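Comments concern the structure below.
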Amino acid sequence: MLNLKNGNSPLFAVQCLWEGVRMLARPELRNYLLIPLFINMVLYTGGFVLGYHMVSALIHQFIPDWLSWLNWILWPLFFVSFLVAGFFSFALLANLIAAPYYSRLSAKTLALISGQPLPAAELAWDKVFFGELHRIGYLLLRLLPLLLLFAIPVVNLLAPLLWAGFAAWGMALEFMAYPLEQRGLAFAGQKQFLQQVRWGALSFGGLTSLGLTLPLVNLLIGQAAVIGATIYVYRLSAPATESAAGS
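Quick note on numbering: the sequence shown equals residues 258 to 504 in this note's numbering.
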């Protein structure tokens, strides 16, 4: 049973994510970090190069020469929009490929922070993979209508903010899933849990989303988020005295 008393606190969520960052240096986790690191390097480097050329082409196509002075406004706007929308999409793809490794990372993290041995049997690969597909399907159904906001005058000025909120929720849903799956919660239960700790989840997901937009940081923020999410869920499930001692 999860104790949700602290879960809705943004400060608590941020502390857990920061502990996830710090635990990246733990030698016991090194073998669980390498493959996701390689996946992220390939996808985010390719995404950044592709996105730069796409944004440049869009600006040159839609902005006539006599309005070129607007570039100093439009470049940041387009760039932020791409970072939020583009890297969110690449994060979903990276998580789909890395899902089995993130599941193992979460299990190993739980063993370290709880002092308990690793479970004798890991979650089945197909269960982890199809769970990730379910989450991606849920997010894509809501992502596609948001794309239309960029085509609506005036409203498109608010689109980056709406995307940022959606990305925060999506990343919380993505990374909290691994420790919650370890507890036997299916997608419906995971979503209900996050709705009960909405502000904590949005804070956790928002910082993770921000990290995904930063070159170099995005190579390891996913692994840190898995570890941080595992700490977050464990602290909410541990007795009050144990949780306080670990914070």
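All C-beta atoms, glycine included, are put in the ideal place defined by N, C-alpha and C. Computed from a predicted model, the values in this text were never measured in an experiment.
Cβ pair count under 8 Å reaching 3, the stretch 391 to 408 against the stretch 362 to 374: no
Same chain, Cβ closer than 7 Å to TRP456, five either side skipped, listed in chain order: As a working mapping, residue 456 is identified with position 199 in the sequence shown. Closer than 7 Å at Cβ, skipping near neighbours: ASN265, PRO267.
Inter-stretch contact (C-beta, 8 Å, three-pair minimum) for the stretch 419 to 438 and the stretch 382 to 393: yes
Counted within 10 angstroms of its Cβ, other Cβ atoms place PRO376 as buried (16 or more) or exposed: One-based indexing of the sequence shown puts residue 376 at position 119. Exposed.
Three-state class that DSSP yields for ARG440 in the structure shown: Working through the sequence shown from its first residue, we reach residue 440 at position 183. In the structure shown, ARG440 sits in coil (DSSP, three-state: anything other than H, G, I, E or B).
Contact set for LEU464: own chain, Cβ-Cβ below 7 Å, skip 5 residues either direction: As a working note, residue 464 is residue 207 in the sequence shown. Contacts found: VAL271, LEU274.
Pair within 8 Å by beta-carbon distance, LEU459 and LYS448: Position 202 of the sequence shown, counting from 1, holds the residue named residue 459. Position 191 of the sequence shown, counting from 1, holds the residue named residue 448. Not in contact: LEU459 and LYS448 (Cβ atoms no closer than 8 Å).
Check whether PHE347 and TYR395 have beta carbons under 8 Å apart: In the sequence shown, the residue the question calls residue 347 occupies position 90. In the sequence shown, the residue the question calls residue 395 occupies position 138. No, the Cβ-Cβ distance between PHE347 and TYR395 is not below 8 Å.
For ASN265, three-class secondary structure by DSSP: Along the sequence shown, one-based indexing puts residue 265 at 8. Here ASN265 sits in coil by DSSP.
Nearest-angstrom Cβ-Cβ length linking ILE478 and GLY468, presumed shorter than 8 Å: Position 221 of the sequence shown, counted from the start, is the residue given in the question as residue 478. Position 211 of the sequence shown, counted from the start, is the residue given in the question as residue 468. The beta-carbon distance between ILE478 and GLY468, rounded to whole angstroms, is 3 Å. This is short enough to meet the 8 Å contact definition.
Residue range of the alpha helix (DSSP H) that includes ALA482: For this step, residue 482 is matched to residue 225 along the sequence shown. Where ALA482 is concerned, the enclosing alpha helix (DSSP H) stretches over 478 to 494.
Neighbour flag for PHE432 against chain B, beta carbons, 8 Å: Looking at the structure shown, chain B is missing, and only one protein chain is on hand.
Start and end residues, alpha helix (DSSP H) containing LEU464: Position 207 of the sequence shown, counted from the first residue, corresponds to residue 464. Looking at the DSSP string, the run of the alpha helix (DSSP H) that includes LEU464 is 455 to 469.
Short Cβ contact (8 Å threshold) for MET433 with VAL490: Stepping through the sequence shown from its first residue, residue 433 is reached at position 176. Stepping through the sequence shown from its first residue, residue 490 is reached at position 233. In this structure, VAL490 lies closer than 8 Å to MET433 by Cβ.
Whole-number beta carbon distance between GLY462 and TRP426, since they are thought to touch under 8 Å: Here residue 426 corresponds to residue number 169 of the sequence shown, with the count starting at 1. Here residue 462 corresponds to residue number 205 of the sequence shown, with the count starting at 1. About 6 Å; that satisfies the 8 Å criterion.
Presumed contact (8 Å Cβ cut-off) between ILE488 and GLU285, rounded CB distance: Along the sequence shown, read from residue 1 onward, the residue named residue 488 stands at position 231. Along the sequence shown, read from residue 1 onward, the residue named residue 285 stands at position 28. So it is not a contact: roughly 15 Å between Cβ atoms.
Inter-residue Cα distance where the pair is ILE354 and MET298: To locate residue 354, count along the sequence shown from 1; it is residue 97. To locate residue 298, count along the sequence shown from 1; it is residue 41. In a straight line, the C-alpha of ILE354 is about 13 Å away from that of MET298.
Residue from GLN480, LEU493, VAL454, ASN352 with nearest C-alpha to VAL278: Taking the first residue of the sequence shown as 1, we reach residue 278 at position 21. With distances taken between Cα atoms, VAL278 lies closest to GLN480.
Close beta carbons around GLU389, own chain, < 7 Å, minus the five adjacent residues each side: Working through the sequence shown from its first residue, we reach residue 389 at position 132. Closer than 7 Å at the Cβ level, and outside the excluded window around GLU389, lie ASN352, LEU353, ALA356.
Exposure of PRO417, with buried meaning 16 or more beta-carbon neighbours within 10 Å: Taking the first residue of the sequence shown as 1, we reach residue 417 at position 160. By the neighbour-count rule (16 or more Cβ atoms within 10 Å), PRO417 is buried.
Residues near ARG283 in its chain [Cβ-Cβ closer than 8 Å; skip 5 each side]: The sequence position of residue 283 within the sequence shown is 26, counting from 1. Hits under 8 Å: LEU369.
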